[in-house]
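Below, the structure is given as structure tokens:
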């Protein structure tokens, strides 16, 4: 089995340790060069240095041949982009991620990620024992019918203009899905900056819509 891991933080290293001593092929994508070198030396696995949300980096790591992709960066937004790219572009049927913000498990599942959990040990167990995805989805879809896509137009004089997505404190159980900027559709990542007149699409609960408007138009 070929497992592709994106993110060499604590969770990524835990998973590498779990799988590298077994008969699995493990490849890691890590953006930080120094961290990538240290992990490659310590665990004796192939490490690709680069941004795991970019297609050329994923292809260099062998995504077209992998059986499972694990997106475990420290940024939920990046994890979502990576999983969706793996599923829709490369037809990877088993994508897993851990989430850093409590409550995002349901949101990620609603957006199409196969399995999103908050514990690295649970994630390792799901991969190891091949839990039935249909059974997991029944559990993870609880309350998803309460979610809705909310649109927020950012005014030019908003104090949020120029801020990076990763620095914006969204309500729990809210995920920034897309930014519409003029004729362009932007997949938001941690370092994406908000601009005036951006139309923000956020997946959240109905009762949080007003709070989101206030956040993006302070």
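In this note's numbering, the protein residues as written are 1027 to 1244. Glycine included, C-beta positions come from ideal geometry on N, C-alpha and C. Note that the structure is predicted; figures quoted are calculated from it, not measured.
Relative to the C-alpha of residue i, which candidate in the options has its C-alpha closest?
{"i": "residue 1221", "options": "1077, 1031, 1205", "result": "1205"}
{"i": "residue 1084", "options": "1193, 1194, 1115", "result": "1115"}
{"i": "residue 1046", "options": "1059, 1060, 1121, 1027", "result": "1027"}
{"i": "residue 1196", "options": "1207, 1174, 1122, 1237", "result": "1237"}
{"i": "residue 1049", "options": "1113, 1179, 1121, 1071", "result": "1071"}
{"i": "residue 1240", "options": "1080, 1179, 1213", "result": "1179"}
Please report the distance separating the alpha-carbon of residue i from that of residue j.
{"i": "residue 1035", "j": "residue 1118", "result": "23 Å"}
{"i": "residue 1040", "j": "residue 1223", "result": "42 Å"}
{"i": "residue 1159", "j": "residue 1181", "result": "Confidence is the limiting factor: at residue 1159 the pLDDT is only 39, short of 50, which leaves the residue's position unreliable and the question unanswerable from this model."}
{"i": "residue 1066", "j": "residue 1090", "result": "22 Å"}
{"i": "residue 1073", "j": "residue 1186", "result": "37 Å"}
{"i": "residue 1068", "j": "residue 1061", "result": "11 Å"}
{"i": "residue 1077", "j": "residue 1188", "result": "22 Å"}
{"i": "residue 1088", "j": "residue 1056", "result": "14 Å"}
{"i": "residue 1082", "j": "residue 1053", "result": "15 Å"}
{"i": "residue 1064", "j": "residue 1209", "result": "42 Å"}
{"i": "residue 1194", "j": "residue 1217", "result": "11 Å"}
{"i": "residue 1211", "j": "residue 1051", "result": "36 Å"}
{"i": "residue 1044", "j": "residue 1038", "result": "10 Å"}
{"i": "residue 1086", "j": "residue 1213", "result": "22 Å"}
{"i": "residue 1058", "j": "residue 1042", "result": "17 Å"}
Quick check: residue i and residue j, are their CB atoms within less than 9 Å of each other?
{"i": "residue 1199", "j": "residue 1231", "result": "yes"}
{"i": "residue 1103", "j": "residue 1202", "result": "yes"}
{"i": "residue 1030", "j": "residue 1092", "result": "yes"}
{"i": "residue 1215", "j": "residue 1125", "result": "no"}
{"i": "residue 1229", "j": "residue 1176", "result": "yes"}
{"i": "residue 1207", "j": "residue 1225", "result": "yes"}
{"i": "residue 1121", "j": "residue 1113", "result": "yes"}
{"i": "residue 1235", "j": "residue 1174", "result": "yes"}
Compute the beta-carbon to beta-carbon distance between residue i and residue j, rounded to the nearest angstrom, for a pair I have assumed lies under 8 Å.
{"i": "residue 1243", "j": "residue 1184", "result": "5 Å"}
{"i": "residue 1219", "j": "residue 1192", "result": "Actually they do not touch by this definition, with Cβ atoms about 10 Å apart."}
* Asked: Counting pairs of Cβ atoms below 8 Å between the stretch 1095–1102 and the stretch 1031–1045, do you hit three or more?
  -> Output reads yes: the stretch 1031–1045 touches the stretch 1095–1102.
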